[in-house]
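S.K.: Residue numbers (my numbering), protein chains in the order written: chain A, 13 to 444; chain B, 9 to 302.
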Amino acid sequence: MITKKRSAFIALAAASTLLLGACATSSETTTDEATSGSTENLTEGTLRVAMGSPGEAQIAVWDQVAAQFEADNAGITVEMNYVDDDLYQTIGLPNLLSGRDAPDVYFEWAGSRLAERNAGGYAADLTSYMTSGVLSGIWDDSAFSSGEVDGKLLLAPHKADVTNVIWYNVDIFNELGITPPTSWEDLMETCQAVSAAGYIPMASGNKDFWAAGNWLGHLTSRVVGEDVYDSALAQRTSFDTPEWVEAFGFIKELADNNCVNESVNAIADNEGAQLFFQGEAAMHPIGSWLVSWAIGEAPDLNFDFVNLPAMPGGAGDQGSVIGVVTGYVINDMSPMKDKAAAFLAMANNAEFVNKFIEAEAIPLALSAADAELDERTARLNTMLAGSDNIVGPPDTDYDLEVADYFYRAVAAVLGGVSTPEEAAADLAAQVE
Amino acid sequence: MKATKPWVPYLFIAPALAFFIFAVLIPMVATAGFSFTNWNGFGDFTFVGFANYIELTTDDIFAKSFQNVFLYIVLTLVLEVMVGLGLAGLISVQKSGSLWFRVALFAPVMLPMVVVAVLWSFIYNPDFGLVNGVLTSLGLEDLTRIWLGDPDTALLAISVVSGWVFSGFFMVIFYSAIQQVPSELSEAARLDGAGEWRIFWSVKIPFIRNAIEVGVLLCVTGAFQGFDLFFVLTNGGPFNATEIPTTLLVRTVFRNADVGYGSAMAVVLTVVILLVGWMFIRIRKWSEKKELRA
């Protein structure tokens with residue numbers, strides 16, 4: 013009981029501190045200095061950089077960038093703040109931004125979150141830096157589009173991740189004499205063949221909802237069309253429509269055909285991946301980060317990927333890719349925007365781009381094009397760059413509460429708890 | 009005699025009072041204040057009156073979370089308090105060699121709850137976990153389950169883990185209390201022909217009633233404060249089958265960034281816990297009065 017009490021107390025204390033902290037500092041962010049934008053003559057101060065934890069290898073590179081920047085800019089201290097990913101994505105970043113020591117540079121996802129930062133006055137216009145300043149020439153112009161809001165370039169792009177493809181075990185597919193599925197019918201037949209051979213057709217760990225949520229979110233976008241997908245998740249239209257029921261019907265079909273592991277809603281994403289790594293599952297729907305993960309965890313695994321199969325009669329682009337561009341934003345309230353831009357330029361120079369690649373991150377900088385990438389990663393990048401329609405994941409492109417309801421509806425259908433009709437109706441009611 | 013420095017007592021309590029005001033009172037008042045707002049944790053907030061509380065009355069998941077926590081209380085009263093009492097009874101009868109038994113049963117209490125949860129997530133893993141593995145090797149494949157993924161078994165599975173951890177804790181409390189039972193009472197009962205079970209039930213348990221009451225109170229309040237085990241093992245799932253007020257509150261505030269609504273949940277949860285505590289005290293007083301009358 014002592015442990016229970018202590019943990020609850022810590023949670024309560026943290027919540028209270030967070031609430032009080034946010035309350036106390038919410039009105040202190042617009043000082044004259046902060047809003048003046050005068051940054052040219054700053055020779056000393058602290059440059060604060062915030063991001064979700066990118067993993068030890070990349071943290072080491074960021075720390076090197078910080079050390080190098082401090083060495084080149086006497087009097088400037090760089091303070092790196094690596095926040096737990098989930099916390100950063102939800103309430104962490106907003107609290108940092110509204111706090112007394114707000115970050116000058118922060119990690120952000122392109123999409124609605126970036127627009128929200130712009131509306132809140134936390135995103136500086138980087139257009140001049142990126143077209144003729146210290147950030148020019150680092151990226152191809154095509155990399156800028158996702159970070160453009162109201163005609164202003166707000167995001168210095170860093171990485172582009174395909175959020176979901178279907179990874180498959182090449183050896184199992186060869187053993188069974190099957191080819192990667194390119195249509196829904198193919199996928200159903202593949203599931204049957206794989207299942208009959210005693211393997212789990214597709215392994216997914218959806219305990220935290222996003223894993224299958226993103227994958228099946230992409231599926232639904234193919235069925236209802238990107239516009240309907242976007243308008244429903246953006247709360248402009250209802251989920252309780254025949255096309256959404258149809259989309260959820262495909263998820264039910266997946267479950268009914270035993271395509272997905274029975275434990276899907278009980279295990280975490282890493283446990284789902286382990287089923288794939290250990291050769292118990294033939295397919296694993298997850299994002300581009302699986303490459304480095306699998307190379308580390310299962311070096312002998314012979315795996316490849318195929319994009320989500322085309323959906324029969326789907327209203328959407330059947331070649332769409334679900335993915336997201338991430339990068340760094342300079343806080344519009346920062347008193348050292350020039351220094352912040354110089355810091356981002358340094359982080360994206362050829363030396364550090366190579367170090368990021370060694371740390372298994374593939375920056376979007378042009379200098380990364382010369383790097384030797386894993387062949388699958390290179391193909392994923394090509395697929396993302398060549399796609400006419402990039403679908404945004406619910407939890408990075410839309411309101412988090414709506415994304416949560418959506419993920420839960422998907423999980424309920426996948427787990428056989430809700431019918432497609434019930435899921436669509438419940439989801440619509442919750443969102444409304 | 010009149011105190012010459014009447015302010016001295018206040019000086020002594022000032023540090024504790026200041027800490028209480030800063031760490032407890034202000035956050036509580038602030039939380040109560042936030043519960044009347046629509047606020048995402050940063051920026052401006054809007055006063056919405058009782059809207060959050062009205063919404064709570066129709067929130068099925070919030071109601072379900074209380075249903076789950078009350079069921080969890082019942083289960084843990086059995087798996088923690090009653091099992092702990094039984095174990096205390098056993099080791100009080102057989103003292104020689106019970107030290108290792110006590111250490112083994114108490115050891116889980118010393119483990120961080122997150123470690124316990126991770127450990128048991130492997131044990132319950134449906135694909136390569138110990139429970140299903142043992143059942144399969146015994147030819148009982150029909151009994152294998154997705155223990156944490158089945159709405160029918162998830163809460164029970166968590167309660168078993170809780171019982172594994174805290175039954176040892178309650179065993180120690182009850183064992184200490186049993187040590188205070190005068191040996192003359194047990195010996196007199198034994199001379200009257202009572203067996204060990206009868207002595208335990210009719211002599212020792214009535215004697216340690218206060219300790220049992222404390223145990224029940226700790227178990228009930230601890231269940232309301234439970235979080236880590238649920239968060240790591242199921243995160244409220246599957247399909248809200250293990251959603252308890254604390255997991256829902258954390259999700260609402262930290263995941264959905266709905267601080268106003270989450271604060272209303274916190275206020276209701278606090279009121280419910282206070283009510284349960286008050287009921288416990290009333291029942292105890294009523295029971296004492298009844299005994300005095302008898």
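The C-beta atom is built at its ideal place from N, Cα and C for all residues, glycine as well.
Quick check: the Cα distance between L138(A) and G159(A), rounded to an integer number of angstroms?
M.R.: Rounded to whole angstroms, L138(A) to G159(A) spans 10 Å at the Cα level.
S.K.: Grab me the residues of Q290(A)'s own chain with a C-beta within less than 8 Å of its C-beta, minus the 5 sequence neighbours each way, in chain order.
M.R.: A310, listed in sequence order.
S.K.: Count the other CB atoms, across all protein chains shown, that sit within 10 Å of the CB of R206(B); report buried if there are 16 or more and exposed otherwise.
M.R.: It is exposed - the Cβ of R206(B) has fewer than 16 other Cβ atoms within 10 Å.
S.K.: Between A424(A) and chain B, is any beta-carbon pair separated by less than 9 Å?
M.R.: Cβ-Cβ to chain B under 9 Å: yes for A424(A).
S.K.: Rounded to whole angstroms, how far is the Cβ of V73(A) from the Cβ of K367(A), which I believe are closer than 8 Å?
M.R.: At roughly 5 Å, the Cβ-Cβ gap stays under 8 Å, so V73(A) and K367(A) are in contact.
S.K.: Which residue or residues does DSSP assign as beta-bridge partners of S195(A)?
M.R.: DSSP lists A322(A) as partners of S195(A).
S.K.: May I ask you to list the residues that DSSP assigns as paired with A435(A)?
M.R.: BP columns for A435(A) are empty, so no partner.
S.K.: Assess, as a yes-or-no matter, whether the stretch 215 to 229 of chain A is touched by the stretch 419 to 433 of chain A under the definition of 3 or more beta carbon pairs within less than 8 Å.
M.R.: They touch, by the three-pair rule.
S.K.: Using a 10 Å radius around the Cβ and a threshold of 16 neighbouring Cβ atoms, would you call Q233(B) buried or exposed?
M.R.: Under this definition Q233(B) is a buried residue.
S.K.: Could you tell me the alpha carbon to alpha carbon distance between D98(B) and E204(B), rounded to whole angstroms?
M.R.: The amino acid at residue 98(B) is misidentified as Asp; the sequence shows Leu. Roughly 10 Å separates the two Cα atoms.
S.K.: Touch check for the stretch 199 to 214 of chain A and the stretch 293 to 302 of chain A: three-plus C-beta pairs under 8 Å?
M.R.: They touch, by the three-pair rule.
S.K.: DSSP on I88(A), reduced to helix/strand/coil?
M.R.: If DSSP states are grouped into helix, strand and coil, I88(A) belongs with the strands.
S.K.: Which word fits E91(A), buried or exposed, when buried means at least 16 other C-beta atoms lie within 10 angstroms of its C-beta?
M.R.: When all chains shown are included, E91(A) counts as exposed.
S.K.: Would G427(A) pass as an interface residue toward chain B - the criterion being a Cβ-Cβ separation below 9 Å?
M.R.: Cβ-Cβ to chain B under 9 Å: yes for G427(A).
S.K.: Taking its Cβ as the centre, do 16 or more other Cβ atoms sit within 10 Å of T12(B), making it buried, or is it exposed?
M.R.: Answer is exposed; the Cβ neighbour count stays below 16.
S.K.: Which of the three DSSP states, helix, strand or coil, is assigned to R217(B)?
M.R.: If DSSP states are grouped into helix, strand and coil, R217(B) belongs with the helices.
S.K.: Distance cutoff 9 Å, beta carbons only. Does R110(B) sit that close to anything in chain A?
M.R.: So no, R110(B) is outside the interface.
S.K.: Give the secondary structure of Y134(A) by DSSP, where H, G and I count as helix, E and B as strand, and everything else as coil.
M.R.: Three-state result, Y134(A): coil.
S.K.: For P324(A), which option in L385(A), N343(A), S233(A) has the closest C-alpha, if you only look at C-alpha atoms?
M.R.: Nearest option by C-alpha distance: S233(A).
S.K.: For I69(B), list the residues DSSP reports as bridge partners.
M.R.: Paired residue(s): none; I69(B) is not in a bridge.
S.K.: For L32(A), which residues of its own chain have a beta-carbon under 7 Å away from its beta-carbon, when the five flanking residues on both sides are left out?
M.R.: A caution first: L32(A) carries a pLDDT of 38, below 50, which makes its placement in the model too unreliable to give a value.
S.K.: Within 10 Å of its beta-carbon, does L199(B) have 16 or more other beta-carbons around it, so buried, or fewer, so exposed?
M.R.: Classification of L199(B): exposed, given that the 10 Å Cβ count is below 16.
S.K.: Taking a Cβ distance cut-off of 9 Å, strictly less, list which residues of the stretch 276 to 291 of chain A are near chain B, in chain order.
M.R.: Here the close residues are V276, N277, A278, I279, A280, E283, Q286, L287, Q290.
S.K.: At 4 residues or longer, and completely inside the stretch 100 to 145 of chain B: list those alpha helix (DSSP H) runs for me, N to C.
M.R.: As far as the stretch 100 to 145 of chain B is concerned, its whole alpha helix (DSSP H) runs of at least 4 residues are 106 to 118, 121 to 132, 138 to 145.
S.K.: Alpha helix (DSSP H) containing G261(A): first to last residue?
M.R.: Where G261(A) is concerned, the enclosing alpha helix (DSSP H) stretches over 254 to 268.
S.K.: Step through the CB atoms of chain B and report whether any lies within less than 9 Å of the CB of T51(A).
M.R.: With a pLDDT of 49 at T51(A), under the threshold of 50, the predicted position of this residue should be treated as unreliable, though the coordinate-derived value follows. Chain B contact via Cβ: absent.
S.K.: Flag this pair as yes or no: are the beta carbons of L163(B) and A231(B) separated by less than 9 Å?
M.R.: Against a cut-off of 9 Å, the Cβ pair of A231(B) and L163(B) comes out as no contact.
S.K.: Here's a check: name, in chain order, each residue in its chain whose Cβ is nearer than 6 Å to the Cβ of G6(B), leaving out the five neighbours to either side.
M.R.: Residue 6(B) lies beyond the residue range present for chain B, which begins at 9 and ends at 302; the question has no answer from this structure.
S.K.: Going by the beta-carbon positions, is the gap between N60(B) and N76(B) smaller than 9 Å?
M.R.: The answer is no: Cβ separation not under 9 Å.
S.K.: Listed in chain order, which residues of the stretch 120 to 134 of chain A have Cβ atoms closer than 8 Å to some Cβ of chain B?
M.R.: Going along the stretch 120 to 134 of chain A in chain order, one finds G132 with a Cβ nearer than 8 Å to chain B.
S.K.: Keeping to the same chain, check which residues put their C-beta closer than 7 Å to that of K164(A); ignore five residues upstream and five downstream.
M.R.: Within the same chain, K164(A) has close Cβ partners D137, T139.
S.K.: Helix, strand or coil: how does DSSP classify F315(A) here?
M.R.: Three-state DSSP puts F315(A) in a strand.
S.K.: Under the three-state reduction of DSSP, which class applies to Y211(A): helix, strand or coil?
M.R.: Correct three-state label for Y211(A): coil.
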